[in-house]
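Asker: Starting off with a structure, shown below.
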């Protein structure tokens, strides 16, 4: 399409937003997870927050790498709806992985003190919240990513229209 490469800076800006959103969602739900297990110890509460932020940030980086490939396919003519669906699905995957990291870390740190009903709490509360947070964050980020990819696609089409050799 016009021989131009996809510009990276719009996706870097969107990627910063995605990583901040992932870290924010992970940190918020990580802090809630420590309360779920009745952990009044501020160190364990900070652990839930920290694990959530780290998991969400790492997940945001992985999500951006996957979605950069999707944006390149979209620029080549694939469906924007497919990109949004793919982003939402990867949001769910990242949400689940972050949930396992947070709850696993909290269960290990709270061994002997806060283990009563931990697996039930994880299955009943942790996983559904992880899926929901991942889906919601993934959808919002995918819509933003699609907007950036759409602008890049239009830019590529306009450049092709102006190319005198075509």
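Numbering (the working numbering), first residue to last: 548 to 713. Backbone N, C-alpha and C fix where the C-beta goes; we use that ideal spot for every residue, glycine too.
Can you give me the Cβ contacts of residue 656 inside the same chain, cut-off strictly under 7 Å, excluding the 5 residues immediately before and after it?
Answerer: 591, 594
Asker: Tell me where the alpha helix (DSSP H) around residue 568 begins and ends.
Answerer: 556–583 is the span of the alpha helix (DSSP H), which, as asked, contains residue 568.
Asker: Nearest chain B C-beta to residue 689 closer than 8 Å, yes or no?
Answerer: This model lacks chain B altogether, as it is built from one protein chain only.
Asker: Please name the residue, chosen from 672, 702, 700, 684, that lies closest to residue 562 on a Cα-to-Cα basis.
Answerer: 684
Asker: What three-state label does DSSP hand residue 626 in the structure shown?
Answerer: coil
Asker: Select from 604, 588, 589 the residue whose C-alpha is nearest the C-alpha of residue 573.
Answerer: 604
Asker: Let's test the definition: count the other Cβ atoms within 10 Å of the Cβ of residue 670 and tell me whether it reaches 16, buried, or not, exposed.
Answerer: exposed
Asker: Taking residue 667 as part of the alpha helix (DSSP H), name the residues at either end of that continuous run.
Answerer: 665–668
Asker: Take residue 627 and list the residues in its own chain whose beta-carbon comes closer than 8 Å to its own, dropping the five residues that flank it on each side.
Answerer: Once the five neighbours on either side are set aside, the close Cβ partners of residue 627 are 621, 693, 696, 697.
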